[in-house]
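Enquirer: The structure's right below; bear with me while I get my questions together.
4 protein chains.
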Amino acid sequence: MANSLSASATSAVAQESATVASPEQGRRRMELAFQSMPALQAVRKHLIKTQPFRGLRLAALVDITAETGNLLITLRDGGARVSAAGASSLTTQDDLIGCLAKDYGTAVFGQRGDTEEEQAKHLDKLLACRPQLVLDTNAGLTFRGLAKHPQALAELIGIAEDSVIGARRLRNAAKKGRLSCAAVAVAESKTRNLFDATHGVAQGIVNGILRATNTLLAGSAVVVAGYGWRGRGVAAYARGLGARVIVCETDPVKALQAVFDGNRVMSMNEAAAIGDVFITVTGTRHTISREHFDRFHNGAILANADATTPEIDTDALAGSSSGRRTVRMSVEEFILRDGRRIYLLGEGRAIQLVSGEGRPSSIQDLTLANQALCLEYLVKNRETLPKTVHSVPAEIDQQIALAKLGAMGIVLDRLTLEQEQYLATVTEPD
Amino acid sequence: MANSLSASATSAVAQESATVASPEQGRRRMELAFQSMPALQAVRKHLIKTQPFRGLRLAALVDITAETGNLLITLRDGGARVSAAGASSLTTQDDLIGCLAKDYGTAVFGQRGDTEEEQAKHLDKLLACRPQLVLDTNAGLTFRGLAKHPQALAELIGIAEDSVIGARRLRNAAKKGRLSCAAVAVAESKTRNLFDATHGVAQGIVNGILRATNTLLAGSAVVVAGYGWRGRGVAAYARGLGARVIVCETDPVKALQAVFDGNRVMSMNEAAAIGDVFITVTGTRHTISREHFDRFHNGAILANADATTPEIDTDALAGSSSGRRTVRMSVEEFILRDGRRIYLLGEGRAIQLVSGEGRPSSIQDLTLANQALCLEYLVKNRETLPKTVHSVPAEIDQQIALAKLGAMGIVLDRLTLEQEQYLATVTEPD
Amino acid sequence: MANSLSASATSAVAQESATVASPEQGRRRMELAFQSMPALQAVRKHLIKTQPFRGLRLAALVDITAETGNLLITLRDGGARVSAAGASSLTTQDDLIGCLAKDYGTAVFGQRGDTEEEQAKHLDKLLACRPQLVLDTNAGLTFRGLAKHPQALAELIGIAEDSVIGARRLRNAAKKGRLSCAAVAVAESKTRNLFDATHGVAQGIVNGILRATNTLLAGSAVVVAGYGWRGRGVAAYARGLGARVIVCETDPVKALQAVFDGNRVMSMNEAAAIGDVFITVTGTRHTISREHFDRFHNGAILANADATTPEIDTDALAGSSSGRRTVRMSVEEFILRDGRRIYLLGEGRAIQLVSGEGRPSSIQDLTLANQALCLEYLVKNRETLPKTVHSVPAEIDQQIALAKLGAMGIVLDRLTLEQEQYLATVTEPD
Amino acid sequence: MANSLSASATSAVAQESATVASPEQGRRRMELAFQSMPALQAVRKHLIKTQPFRGLRLAALVDITAETGNLLITLRDGGARVSAAGASSLTTQDDLIGCLAKDYGTAVFGQRGDTEEEQAKHLDKLLACRPQLVLDTNAGLTFRGLAKHPQALAELIGIAEDSVIGARRLRNAAKKGRLSCAAVAVAESKTRNLFDATHGVAQGIVNGILRATNTLLAGSAVVVAGYGWRGRGVAAYARGLGARVIVCETDPVKALQAVFDGNRVMSMNEAAAIGDVFITVTGTRHTISREHFDRFHNGAILANADATTPEIDTDALAGSSSGRRTVRMSVEEFILRDGRRIYLLGEGRAIQLVSGEGRPSSIQDLTLANQALCLEYLVKNRETLPKTVHSVPAEIDQQIALAKLGAMGIVLDRLTLEQEQYLATVTEPD
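Residue numbers (the numbering used here), protein chains in the order written: chain P, 3 to 432; chain X, 3 to 432; chain B, 3 to 432; chain Z, 3 to 432.
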């Protein structure tokens with residue numbers, strides 16, 4: 003059994019308490035994280051042996067954390083020549099930049115708090131390497147390339163895309179014939195959605211909210227807007243901590259699922275008047291907006307949990323308020339004109355990143371192992387894969403799940419020959 | 003709000019206590035069930051108005067219950083000329099046969115306890131109608147037609163298939179070019195899997211086991227073999243009633259899901275020595291077999307919950323026993339040679355059907371509404387649909403979920419124009 | 003590990019399907035139940051050895067079931083001369099009457115369906131035995147004696163009282179100086195309240211409601227009136243099956259507990275308009291009354307779960323209705339004047355008894371073992387115990403819990419000498 | 003509805019990030035906390051009006067936090083002349099010391115990090131005030147008085163004791179005739195045990211562990227040692243977050259309760275080999291000791307959650323290790339001689355205080371309101387109360403629960419006259 007401590011230090015709290023971002027500290031954190039990542043450990047062993055990326059130039063646009071640091075090293079150990087840049091200036095961990103360069107010989111561009119312009123320059127540097135493989139987030143690197151440096155992508159073999167939005171963008175590009183290689187939508191893998199995007203994100207959100215507020219969830223009404231993987235996870239966790247959960251959702255199938263899972267379901271307009279804590283994970287903007295402020299009761303707590311979308315209209319909130327002040331770290335009090343006080347967490351940015359530490363290492367493990375294997379898959383099948391966006395092959399999900407189960411000491415039954423014959427027969431009746 | 007009583011009477015208990023299977027009783031049960039089926043009510047209104055099946059001959063191989071009775075009437079009201087036969091002699095409810103013929107003018111063949119030969123004759127009668135639409139279970143009617151009466155399927159427009167196995171069989175047939183029309187795999191719809199196959203089946207199983215045994219689940223170790231929709235449902239319900247749940251599963255992704263849902267996961271060989279109650283829903287035969295009997299502790303309870311597969315090797319159990327006797331209705335005690343006593347429920351047949359009443363009317367509602375809309379879809383798109391097995395269109399799932407939510411008085415948010423624009427923009431960055 | 007099948011057959015369903023109430027059948031059911039009662043098994047062994055009741059006349063007013071049958075035999079085996087009568091004509095199981103007399107030489111008076119007058123005669127017969135020990139329910143036997151045959155209680159050593167109400171009555175009698183011996187309130191024991199009155203009753207209620215209605219609890223709003231042991235149990239079970247639970251409670255501490263356990267809490271007047279299924283376990287009458295009928299939505303299901311109190315005002319319901327009919331076994335439909343249909347289960351009598359089988363044998367085990375040990379305690383301490391109502395000694399609860407844990411194969415840690423010293427020291431600081 | 007943010011800042015993290023402990027900051031934190039304390043708000047209003055403590059000298063030994071600060075002000079507003087000292091140098095919040103003196107005119111002795119000698123001096127100063135009322139923790143102030151300054155307690159009217167251990171100590175003293183006044187064991191109140199000691203502590207522990215480790219609880223085996231109020235709470239929360247929970251407990255009734263709540267129960271020796279995360283809340287020392295270290299798997303995480311007892315033998319752990327280092331804030335890695343790594347949180351001190359923020363304000367509210375009302379009760383009944391340790395009167399619990407429910411906008415049913423008569427009649431049958 004591996005340990006399961008996380009090594010992330012993405013939160014403001016942790017970041018501020020880190021006096022010096024030394025490479026030494028980064029190295030220790032990467033090692034600690036790696037101990038919690040048995041699936042990536044197994045993949046690394048496999049890649050070291052098989053060297054599928056030998057000599058290939060790989061550019062990665064990823065959050066620079068202890069966990070992704072281990073992915074980059076794993077890819078390097080599989081033979082790749084790796085360059086990387088941070089996907090978000092909110093999450094870049096500076097101690098890792100130095101460590102990756104110094105200890106592991108991997109070029110990393112960017113640092114925490116970079117401006118958008120600086121960020122764009124980092125992408126350009128990555129593209130200047132003329133990548134053959136791209137590990138992308140929100141398709142940011144790919145689209146920068148398509149827009150500004152099309153020639154830089156001339157030798158591109160494949161793209162592993164980390165996010166749902168990125169996969170949608172790439173599909174749009176493929177439809178228009180703009181995609182010059184195959185891509186894999188890692189965001190759609192089972193090992194990511196069933197685990198990382200559900201349990202990992204949910205615990206990150208709960209942790210972030212408890213840190214920020216120390217509010218008691220038991221006995222409170224928690225409104226979860228959005229009932230996708232993340233919403234389902236955080237709703238289950240809030241119920242598990244004694245909250246009554248209300249779900250807001252625009253998709254009727256997901257809404258019905260929320261009902262049968264034991265939640266109340268209603269419109270945000272109705273929920274606004276009832277909720278004590280609001281958590282948004284819809285993936286669309288301004289899920290909580292001006293019309294809802296009038297309805298909040300005094301003391302309502304608002305948290306957005308989407309890493310890229312501003313789901314709470316914070317400008318409108320400020321505009322509706324007669325005053326605001328920080329009452330706890332990551333908690334800002336807005337005093338509405340009628341005296342009610344509303345508490346906004348982390349300025350409306352992803353609470354699990356601002357006040358928590360994001361998803362635990364042991365669950366990111368699954369997604370990162372997936373990315374490595376999808377890149378291997380793209381290389382192996384470079385000749386045959388259509389230039390579209392592909393789902394993660396079932397075998398990759400299974401391989402990762404097996405590695406994780408193995409680390410937990412779990413051995414599964416296998417179908418007997420008799421059972422396999424039965425299954426074959428039953429579907430072939432004549 | 004509709005009521006939510008069920009009208010099924012599939013169980014042995016209910017069946018035996020019904021002294022006379024009168025059409026009058028069947029009619030009352032159909033009416034009671036229909037009150038709990040708001041989605042089918044909405045579909046019926048729609049079909050009465052639009053008459054998509056006007057004049058078409060429709061043959062249905064379905065369990066003949068109060069719920070499916072309402073589906074047949076709905077299809078008739080949509081213009082179809084309906085004939086039907088019971089998919090299983092275990093589930094046919096005789097009072098409905100008479101009622102459907104007498105009160106609703108629908109031909110139904112078969113009765114409870116039919117032999118296989120009689121069953122085959124009923125299929126032949128259905129095929130003699132030269133169906134243009136088929137509502138099938140396990141593809142039984144389709145394959146009987148392909149094998150024995152190919153000319154009877156000459157005018158076939160489409161097939162709505164109810165079961166997972168049936169869908170696999172049809173896909174195999176399509177691959178071999180044997181399918182002369184399009185089919186829809188209703189078993190793969192979201193509204194079926196997320197609700198009927200999870201909550202409906204799970205409650206049916208729990209109900210069946212409690213009725214048969216009145217054993218206390220709290221504090222006991224419940225082993226669930228198979229962690230598909232049904233297994234996930236029944237595992238969650240058993241946990242909800244205070245049991246410690248152990249999951250056996252051969253698919254590593256599902257096994258890992260079971261772990262993160264809070265279950266212990268192990269091989270059946272390990273679980274056999276620990277479990278108090280065993281429930282099999284794997285879909286493959288002899289999940290519990292001779293090698294496990296030695297390991298059961300005294301008093302272990304065995305229940306199969308798959309409607310078509312013999313997942314417990316009952317012959318081997320009998321062979322390993324020195325004696326057997328019925329100790330409660332649907333509970334047979336096997337005395338192993340070393341004196342341990344093992345309790346087999348319902349002779350190893352689907353416990354929710356033998357001792358319970360199957361899935362509640364209010365949840366079958368979703369699946370049956372789905373079948374009606376899929377048949378409409380097949381007719382509407384008869385010119386364009388490829389002759390393969392299709393998934394249920396997302397719109398159908400959404401339409402059904404909306405009808406159900408509406409009956410619950412739930413109103414959802416809609417995306418604002420601004421939000422739709424945002425979603426469009428975010429995926430079209432350039 | 004013992005088996006855990008129950009042998010009760012209290013329900014109407016089971017009763018009606020039992021064609022003949024043969025002593026042979028009673029004997030088999032008692033043996034089956036005894037297999038699920040390891041605590042009582044351990045107590046029986048102990049009593050056989052120690053014979054604390056040697057020669058004492060014991061009168062028992064208890065529900066005559068397979069489980070209490072085993073208690074009576076256990077007391078007899080401990081030396082007592084046992085007479086018994088059924089505490090409720092609703093629960094008496096006729097096959098046991100014969101069996102107890104024929105096979106076990108225990109006099110039992112009464113049969114299912116006795117009138118009140120007949121019931122009174124049975125009590126008089128019991129009293130005519132001049133009991134030295136009384137096992138009472140609702141203090142019925144004791145108060146009959148006090149009122150009509152005071153001389154019959156002249157040699158009374160002690161009373162073990164099974165119910166909460168009975169304990170209150172005995173306390174009132176003790177305050178007035180009318181109690182001539184010590185009594186023990188078995189209803190207040192931990193092993194009864196934490197297990198039998200919580201899990202046992204809760205599963206019995208769920209089982210009873212599912213049998214009667216086959217309604218789906220997931221996605222429905224279940225209103226639980228009363229948040230004592232039973233209410234807490236059934237609320238937790240309903241949540242565990244996917245329901246949204248609303249609690250009505252007059253005690254503020256219990257109400258707050260319901261809030262923090264994740265339930266909504268409101269008055270019955272508010273809940274009446276929201277609930278799908280109503281379950282009353284308040285212990286007071288007419289918890290659901292005329293004022294609430296106007297507010298129920300169409301299809302509401304009403305179930306009382308208190309064995310002695312009419313918590314639903316069924317007369318008022320009938321008076322508010324324009325019609326009524328039985329739509330399923332134990333389900334009566336009332337049509338209110340505005341057309342809404344309300345479903346009353348089991349005529350408003352305890353649903354777990356009418357439609358279910360009451361509490362499982364394996365959990366009654368704890369309470370029945372408790373009664374035996376409390377009677378032993380009364381005999382042993384006859385010289386010293388004050389003539390009041392006593393709580394169950396902690397040692398008895400612990401002894402029973404240990405026997406149960408032992409049957410489950412569970413071994414506990416013991417405090418080390420060092421730890422005991424620490425605990426002693428920490429509370430003796432100077 | 004009040005807000006529900008907490009204002010505590012007991013954790014090392016929070017404390018270190020507070021650059022200056024200004025009275026101004028203390029005042030703001032007290033105000034923020036008070037907003038989350040509706041029960042104490044109600045009590046304060048009541049005491050301001052009734053002035054039960056007018057002129058009485060009150061000495062308080064309490065954790066000096068924003069919440070207890072509000073209690074002290076409340077008592078002062080009820081007329082008392084309040085002096086206070088911090089009960090633990092681990093929890094004293096220096097910004098409040100200044101604030102209570104400067105803004106509220108309340109003398110407070112002590113500061114964070116005081117030595118034992120300094121602590122003793124503060125007690126002596128409190129006693130020098132010759133208190134008439136004592137608010138005590140662990141009976142520390144009372145026993146200091148009894149031992150060193152008996153004359154200082156000459157005018158003592160009553161003691162409200164906060165802790166379980168303190169109540170035991172006072173009971174021992176009363177038995178020996180050393181108690182010169184009545185005391186109330188606030189620790190035994192329902193509003194404390196059912197809420198503060200269960201939900202408050204449980205969330206504090208979860209929060210503390212997640213902050214320290216960011217380990218994923220879902221899919222992990224969490225061992226909870228001790229199944230009292232706190233253990234039950236944290237076990238439920240861990241299950242709610244997806245963990246498999248194992249309980250170790252020496253009391254058989256509590257152990258059986260753990261079984262029926264769905265946990266596995268075993269000895270620590272067995273659990274040591276299985277657990278991923280260990281949480282001790284037994285109240286006795288060295289629950290985890292040398293014999294268990296050999297059995298831990300690599301990566302095991304150890305957390306003690308008892309505020310006063312060293313439940314993990316940290317010296318033995320150090321002695322068994324070949325090395326140790328801090329790998330995250332509040333996480334120390336011990337490398338056992340065979341290479342396994344064990345992670346000890348917060349040096350084995352109460353994890354919810356070291357790494358979390360203790361119990362949320364909104365739940366401490368109940369206990370602190372209780373203390374104020376118990377002091378009032380002691381004063382009001384000074385003439386009649388026996389000089390022993392009393393339980394909290396049921397009326398006080400109910401009054402507090404009502405205030406809390408009122409703040410949540412919850413209105414309860416009241417018994418009707420008819421129902422009260424029924425309840426009276428049913429227990430007075432003749």
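We put the beta carbon where it would ideally sit given N, CA and C, even for glycine.
Here the structure is a predicted model, which means the values were calculated and not measured.
Can you tell me which of the three DSSP states B/Ser85 falls into?
Expert: In this structure, B/Ser85 counts as strand in the three-state DSSP scheme.
Enquirer: For the putative contact between P/Met39 and P/Asp367, defined by C-beta atoms under 8 Å, what is the C-beta separation to the nearest angstrom?
Expert: With a Cβ gap of about 4 Å, P/Met39 and P/Asp367 count as contacting.
Enquirer: For a quick check, are the C-beta atoms of P/His392 and P/Val186 less than 7 Å apart?
Expert: Yes, these two residues count as a Cβ contact at 7 Å.
Enquirer: Quick one: what's P/Tyr345 bridged to in DSSP?
Expert: DSSP output for P/Tyr345 lists P/Ile303 and P/Glu335 as bridge partner(s).
Enquirer: B/Thr52 and B/Val84: beta carbons closer than 7 Å?
Expert: Against a cut-off of 7 Å, the Cβ pair of B/Val84 and B/Thr52 comes out as no contact.
Enquirer: For Z/Pro152, count neighbouring C-beta atoms within 10 Å of its own C-beta (all shown protein chains included) and say buried if the count is 16 or more, exposed if not.
Expert: Label assigned to Z/Pro152: exposed.
Enquirer: Report the residues of the stretch 150-181 of chain P with a CB closer than 9 Å to any CB of chain Z, ordered along the chain.
Expert: Result list empty, no residue passes.
Enquirer: Can you look up B/Ala240 in the DSSP assignment and give me helix, strand or coil?
Expert: If DSSP states are grouped into helix, strand and coil, B/Ala240 belongs with the helices.
Enquirer: Within 7 Å (strictly less), CB to CB, does P/Val208 reach chain B?
Expert: No, because no Cβ of chain B sits closer than 7 Å to the Cβ of P/Val208.
Enquirer: On a Cα-Cα basis, can you pick out the residue from B/Phe145, B/Phe197, B/Leu158 and B/Ala149 that is closest to B/Leu172?
Expert: That would be B/Phe145, whose Cα lies nearest to the Cα of B/Leu172.
Enquirer: Output the boundary residues of the alpha helix (DSSP H) element that contains B/Gly206.
Expert: Its alpha helix (DSSP H) spans residues Val203 to Thr215.
Enquirer: Candidates B/Ala86, B/Ala162 and B/Arg30: which alpha carbon is nearest B/Val394's?
Expert: Here the closest residue by C-alpha is B/Ala162.
Enquirer: If the criterion is Cβ atoms closer than 7 Å, does the pair B/Phe298 and B/Leu319 meet it?
Expert: No.
Enquirer: Roughly how many angstroms lie between the CA atoms of P/Ala175 and P/Leu158, to the nearest whole one?
Expert: Distance between the alpha carbons of P/Ala175 and P/Leu158: 15 Å.
Enquirer: Going by DSSP, what residue range makes up the alpha helix (DSSP H) through Z/Ser324?
Expert: Looking at the DSSP string, Z/Ser324 is not in any alpha helix (DSSP H); the run it does join, the beta strand (DSSP E), is Ser323 to Arg330.
Enquirer: Could you tell me whether any Cβ in chain Z is nearer than 7 Å to the Cβ of P/Asn216?
Expert: It does: the Cβ of P/Asn216 has a partner Cβ on chain Z nearer than 7 Å.
Enquirer: Report all residues from its chain with a CB closer than 6 Å to the CB of B/Gln17; omit the five preceding and five following residues, and keep chain order.
Expert: For B/Gln17, the predicted structure reports a pLDDT of 43, less than 50, and the residue's modelled location is therefore unreliable. The matter cannot be settled from this model.
Enquirer: Mind checking which residues open and close the beta strand (DSSP E) that includes X/Thr282?
Expert: First-last of the beta strand (DSSP E) with X/Thr282: Val279 to Thr282.
Enquirer: Just checking, does the stretch 267-276 of chain X make contact with the stretch 243-256 of chain X on the three C-beta pairs under 8 Å criterion?
Expert: Yes, the stretch 267-276 of chain X is in contact with the stretch 243-256 of chain X.
Enquirer: Check whether the Cβ of P/Ser13 lies closer than 7 Å to any Cβ atom in chain Z.
Expert: Reliability of the predicted coordinates at P/Ser13 is poor, the pLDDT of 44 falling under 50, and the value obtained from them is presented with this limitation in mind. Not one chain Z Cβ lies under 7 Å of P/Ser13.
Enquirer: By DSSP, does B/Arg361 sit in helix, in strand, or in coil?
Expert: Correct three-state label for B/Arg361: coil.
Enquirer: Taking buried to mean at least 16 other C-beta atoms within 10 Å of its own C-beta, is Z/Leu419 buried or exposed?
Expert: Under this definition Z/Leu419 is an exposed residue.
Enquirer: Please compile the residues from chain B whose C-beta is within a distance smaller than 8 Å of the C-beta of Z/Ser269.
Expert: Within chain B, the residues near Z/Ser269 are Val413, Leu414 and Asp415.
Enquirer: Compare the Cα-Cα distances from P/Gln134 to each of P/Thr289, P/Leu155 and P/Gln400 and report the closest residue.
Expert: The shortest Cα separation from P/Gln134 among P/Thr289, P/Leu155 and P/Gln400 belongs to P/Leu155.
Enquirer: According to a CB-to-CB cut-off of less than 9 Å, which residues of the stretch 256-268 of chain P neighbour chain B?
Expert: Within the stretch 256-268 of chain P, the qualifying residues are Leu258, Val261, Phe262, Asp263, Gly264, Asn265 and Arg266.
Enquirer: Have a look at P/Leu417, P/Ala409, P/Leu404 and P/Tyr424 and flag the residue whose alpha-carbon is nearest the alpha-carbon of P/Thr193.
Expert: Cα-wise, what sits closest to P/Thr193 is P/Leu404.
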